[in-house]
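Take a look at the structure below.
Protein chains: 2
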Amino acid sequence: MQETTGTPPLDAETKVTERPGDHESELRFWLRLLTCATLIEGEIRRRLRHEFEVTLPRFDLMAQLDKSPGGMTLGELSQRMMVSNGNVTGLTERLVALGLLDRRQSPSDRRAQLVSLTPEGRRAFRAMARAHEGWIAEFFADLTPADIEALMRLLAKTKASARRAIAAETPR
Amino acid sequence: MQETTGTPPLDAETKVTERPGDHESELRFWLRLLTCATLIEGEIRRRLRHEFEVTLPRFDLMAQLDKSPGGMTLGELSQRMMVSNGNVTGLTERLVALGLLDRRQSPSDRRAQLVSLTPEGRRAFRAMARAHEGWIAEFFADLTPADIEALMRLLAKTKASARRAIAAETPR
DNA sequence: GGGATTCATTTTAAGGTTCAAATTTATAGG
DNA sequence: CCTATAAATTTGAACCTTAAAATGAATCCC
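Next comes the structure, spelled out in structure tokens:
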């Protein structure tokens, strides 16, 4: 269950003789990154459900709106949440039905809709956000400020690298 | 707010005076970690679909089986994939229907089923895995070996911290 | 103005995901 | 044995998610 990298005598320091097609360290890095994200995301999902009876996607959507008091269009939402348009349509419908979201036509563009939190939605979100912030602090309690600083820098580099690779493959 | 059975009474100098809202750096770290994972996962999903006509969850399941030639039980699979039992049941059904998976009763436990890749499934997975490894290398091409080493170490620490926090909350 | 194009959104079909309840089998105690 | 408990899996309901096609509106360009 516990993967202990005990430095096998195989590749101790022979990076020069790298065979083509050996990207084992990158692969292991990716799996570790994914495991961290999945582990934490699952626990956040569980706690949101049990303590607030809300799903994680709904919380995420409300979090975007909370940062944007003037409201956002559905397209903006889907872009920031990194999910599909149809996804946001459905989530929005359910949250409007619950009275947590307001939805109105954009005055300048009749194709677009502006969505924003209702007062009740904002109140509900703020309570959840407070708890959420505490959970995150718990999860990362063993990391020093220097650890977090280093991770922020390295993940920024990681993100930039991935974005470049993806943009190169998919030129829009 | 949270009632935990067996908590010792609060004493006068616990962190009651800690300012709420100063967990901003942890929160930003979490969002950045999640963004990296979501970005890369989405692109992998897209490429698997376009180049191999397979979904990411199916690829993930086959990847687990590829590492375990003797086969695995559904429970083992769900634990390693960090998804629910019912989820694995459905995924397995579809992959068996496609002829990529074999499913047989465990000889020692009639409750359990052993699942493994068929020869065709293994062949298909290997081709996908080769491409997948190349994609990952692309995504992380701008990271130096030292970057990856540092990230591996820091993410191991992150994972351990989160696991500790989650185990503390959910002794089960 | 009018046709082509692009853009914001919705719709539809298929699949993925969770949770909780139900089912079936194993194991432990008496 | 027999009952209680635990374990492995399945089922059902609700929801999330995507991709692709469709709809309706803005914009561009002559």
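Going down the list, the protein sequences come from chains A and B.
The opening residue of the first sequence carries number 25 in my numbering; numbering runs sequentially from there.
The opening residue of the second sequence carries number 25 in my numbering; numbering runs sequentially from there.
For every residue, glycine included, the Cβ atom is placed at its ideal position computed from N, Cα and C.
Please read these numbers as outputs of a predicted model, since none were measured by experiment.
| Item | Value |
| --- | --- |
| Entirely enclosed beta strand (DSSP E) segments - the segment 75-118 of chain A, minimum 3 residues | none |
| Environment of histidine 74 of chain A [buried if 16+ CB atoms lie within 10 Å] | exposed |
| Same chain only: Cβ atoms within 7 Å of aspartate 35 of chain A, ignoring 5 sequence neighbours per side | Model confidence at aspartate 35 of chain A stands at a pLDDT of 43, short of 50, so the residue's coordinates are unreliable; what they give is reported in the following sentence. Cβ within range, chain order: n/a, list empty. |
| Assigned secondary structure, glutamate 27 of chain A (DSSP; H/G/I helix, E/B strand, else coil) | Confidence is the limiting factor: at glutamate 27 of chain A the pLDDT is only 44, short of 50, which leaves the residue's position unreliable and the question unanswerable from this model. |
| Identity of the residue in A:Trp54, A:Arg56, A:Arg177, A:Val112 nearest phenylalanine 197 of chain B by Cα | There is simply no residue 197 of chain B to check, as chain B begins at 25 and stops at 196 in what is shown. |
| CB contact check: lysine 91 of chain A to chain B, cutoff 8 Å | no |
| N-terminal and C-terminal residue of the beta strand (DSSP E) that arginine 135 of chain B is part of | Element bounds for arginine 135 of chain B: n/a, residue is neither H nor E. |
| Other residues of its chain near alanine 155 of chain B: CB distance less than 6 Å, five sequence neighbours each side excluded | none |
| Any C-beta of chain B under 8 Å from that of methionine 106 of chain A | yes |
| Below-8 Å beta-carbon distance, leucine 175 of chain B vs any chain A residue | yes |
| Environment of methionine 106 of chain B [buried if 16+ CB atoms lie within 10 Å] | exposed |
| Distance CB(leucine 125 of chain A)-CB(valine 139 of chain A) smaller than 8 Å | yes |
| Residues from the segment 125-154 of chain B in contact with chain A, defined by Cβ distance under 7 Å | none |
| Length of the line joining the Cα atoms of arginine 56 of chain A and leucine 175 of chain B | 9 Å |
| Short Cβ contact (8 Å threshold) for glutamine 58 of chain A with alanine 61 of chain B | Here the sequence assigns leucine to residue 58 of chain A, which means glutamine is not the residue at that position. Contact flag set, yes. |
| Buried/exposed call for serine 185 of chain A, threshold 16 Cβ in 10 Å | buried |
| Residue-level contact to chain A via CB, leucine 119 of chain B, 8 Å cutoff | no |
| Exposure label - arginine 259 of chain A; buried when at least 16 CB within 10 Å | Residue 259 of chain A lies beyond the stretch modelled for chain A, which goes from 25 to 196, so this question has no answer here. |
| Residue-level contact to chain A via CB, serine 49 of chain B, 8 Å cutoff | yes |
| Opposing strand residues paired with aspartate 46 of chain B [DSSP bridges] | DSSP lists no partner for aspartate 46 of chain B. |
| Amino acids of chain A, ordered along the chain, whose beta-carbon sits closer than 7 Å to that of glycine 66 of chain B | Met106 |
| At least three beta-carbon pairs within less than 8 Å, the segment 65-74 of chain A to the segment 128-144 of chain A | no |
| For isoleucine 172 of chain A and glutamate 67 of chain B, believed in contact at Cβ under 8 Å, the rounded distance | About 26 Å separates the two Cβ atoms, so there is no contact after all. |
| Inter-residue Cα distance where the pair is arginine 104 of chain B and threonine 142 of chain A | 41 Å |
| Cα-Cα separation, arginine 188 of chain B to serine 108 of chain B | 21 Å |
| Alanine 151 of chain A: first and last residue of the uninterrupted alpha helix (DSSP H) it sits in | 143-163 |
| Min CB distance threonine 38 of chain A to chain B below 8 Å | The pLDDT assigned to threonine 38 of chain A is 46, lower than 50, so where the model puts this residue is not dependable, and the model offers no usable value. |
| Any C-beta of chain B under 8 Å from that of glutamate 162 of chain A | yes |
| Those residues which DSSP pairs with leucine 125 of chain B across a bridge | B:Leu141 |
| Neighbouring residues, chain A, relative to threonine 62 of chain B (Cβ below 7 Å) | Met106 |
| 7 Å Cβ cut-off: residues of chain A touching arginine 82 of chain B | By Cβ distance, chain A contributes nothing, its closest Cβ being about 16 Å from arginine 82 of chain B, past 7 Å. |
| Cutoff 8 Å: glutamate 157 of chain A Cβ touching any chain B Cβ | yes |
| Residues near arginine 69 of chain A by beta carbon distance below 7 Å, same chain, minus five either side | Leu80 |
| Presumed contact (8 Å Cβ cut-off) between threonine 97 of chain A and serine 132 of chain A, rounded CB distance | Actually they are not in contact, since the Cβ atoms of threonine 97 of chain A and serine 132 of chain A sit about 11 Å apart, beyond 8 Å. |
| Same chain, Cβ closer than 6 Å to leucine 63 of chain A, neighbours up to 5 away in sequence not counted | none |
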